[in-house]
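Chemist:
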Amino acid sequence: MSEFMEKHSVSRLIGSPPGYVGYDEAGQLTEKVRRKPYSVILFDEIEKAHPDVMNILLQILDEGKTSDAQGRTVSFESCVIIMTSNAGSENKESALGFNRLKSDATKDRMMKALKDFLRPEFLGRVDEIVVFNDLSPENYEKIAEILISELKEPLKEKGITLEIGEGVARVIAKLSADGVRGARELRRTLRKQVEDQIANIIIASADSPVEVITLTAVEGKIKVAGLKDGKMILDLTTVSGTQK
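Residue 91 is where the sequence shown starts when you use my numbering, and the numbers rise one by one after that.
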């Protein structure tokens, strides 16, 4: 919701009032729900929204409807609304993750943080609040496996087979688990450790394109190699995002 931190950003949700620029343009939220009433709506980092935006959300949660700038009533009764918040994450031992926390004390701290910026009437209209754990090393590794596997299809379209060795996901996960940026750090690590090196191999072998690219974990490093006719023609080893 960082795009809705200003007072005028309300018009982006429901449209501009008569006499204002963009009056003939429908609101991003109201128009999409009007056209697709059965929707799942996600408001990410709700604490960043302007109070006027929160008032619109309060009306939606309370009445199940709101009006756009053209006076049309838009029903949200068939929508599932999900809101996320990082409130209190700097004060707790566990951040966002997959498993619900068992610690009542931690949940109490998070609830207190929510109450610091959400009015009681707003919280009272939320059906359930779920607090999540830090990502565990196993979580990081599982996500890394998924992200690495996603590289196979675009390479296949170029006629290149990607072979992933045992332990590669574990290395990526270990380099990413800083406990601050969460799973987002996995993409950055994957880009520097793997994707950039794959690109280097493809560019370097342009005259004689590789047929297979292999990823191997070697002593906490990722070895990226290109093969043609079963023979290695290029070998790059990375550590902490630096080509060696």
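Just so it is clear, CB atoms sit at the ideal spot from N, CA and C, and this is done for glycine as well.
Distance, Cα to Cα, Val-130 vs Pro-227?
Modeler: For this step, residue 130 is matched to residue 40 along the sequence shown. For this step, residue 227 is matched to residue 137 along the sequence shown. Those two C-alpha atoms are separated by around 30 Å.
Chemist: Does DSSP put Gly-331 in a helix, a strand or coil?
Modeler: Numbered from its first residue, the sequence shown carries residue 331 at position 241. Because Gly-331 sits at a pLDDT of 40, beneath the cut-off of 50, its placement in the model cannot be relied upon, and the point is left open.
Chemist: Excluding sequence positions up to five away, which residues of its chain have a Cβ less than 8 Å from the Cβ of Ala-307?
Modeler: On the sequence shown, residue 307 is found 217 positions in, with the first residue counted as 1. Gly-255, Glu-256, Gly-257, Val-258, Arg-260, Val-261, Lys-313.
Chemist: So the candidates are Phe-212, Gly-117, Lys-242, Ile-323; which of them puts its Cα closest to the Cα of Val-284?
Modeler: Residue 284 sits at position 194 when you count from the first residue of the sequence shown. Comparing Cα-Cα distances from Val-284 to each of Phe-212, Gly-117, Lys-242, Ile-323, the minimum goes to Lys-242.
Chemist: Please check if any C-beta of chain B sits within less than 9 Å of the C-beta of Leu-119.
Modeler: Note that chain B does not occur in the displayed structure, where there is just one protein chain.
Chemist: Check whether the Cβ atoms of Thr-156 and Phe-166 sit closer than 9 Å, and answer yes or no.
Modeler: As a first step, residue 156 is located in the sequence shown; it is residue number 66 there, counting from the start. As a first step, residue 166 is located in the sequence shown; it is residue number 76 there, counting from the start. Yes. Within cutoff.
Chemist: If you follow the beta strand (DSSP E) that Glu-253 is part of, which residue opens it and which one closes it?
Modeler: Taking the sequence shown and counting its residues from 1, one reaches residue 253 at position 163. Segment 251-254, the beta strand (DSSP E) holding Glu-253.
Chemist: On the three-state DSSP scale, how would you describe Ile-323?
Modeler: Mapped onto the sequence shown, residue 323 falls at position 233. Ile-323: strand per DSSP, three-state reduction.
Chemist: For Thr-163, count neighbouring Cβ atoms within 10 angstroms of its own Cβ and tell me buried if that reaches 16, exposed if not.
Modeler: Walking along the sequence shown from the start, residue 163 turns up at place 73. It counts as exposed.
Chemist: Restricting to runs no shorter than 3 residues, where is the beta strand (DSSP E) found entirely within the segment 260-309?
Modeler: For the segment 260-309, whole beta strand (DSSP E) runs of length 3 or above, ordered along the chain, are 302-308.
Chemist: Would you mind reading off the limits of the beta strand (DSSP E) that contains Thr-156?
Modeler: Taking the sequence shown and counting its residues from 1, the one referred to as residue 156 is at position 66. First-last of the beta strand (DSSP E) with Thr-156: 155-157.
Chemist: In terms of DSSP beta bridges, what is Lys-232 paired with?
Modeler: Residue 232 sits at position 142 when you count from the first residue of the sequence shown. Note: Lys-232 sits in no beta bridge, so no partner.
Chemist: Take Ser-168 as the anchor and find which of Tyr-128, Met-322, Lys-318, Thr-279 has the nearest alpha-carbon.
Modeler: Walking along the sequence shown from the start, residue 168 turns up at place 78. Per the Cα distances, Tyr-128.
Chemist: Using the C-alpha atoms, what's the distance from Ala-296 back to Gly-316?
Modeler: Position 226 of the sequence shown, counted from the first residue, corresponds to residue 316. Position 206 of the sequence shown, counted from the first residue, corresponds to residue 296. Those two C-alpha atoms are separated by around 12 Å.
Chemist: For Ala-159 and Ile-104, which I take to be in contact (beta-carbon distance under 8 Å), what is that distance rounded to the nearest angstrom?
Modeler: Here residue 159 is taken as the residue at index 69 of the sequence shown, counted from 1. Here residue 104 is taken as the residue at index 14 of the sequence shown, counted from 1. Ala-159 to Ile-104, Cβ: 6 Å. Contact.
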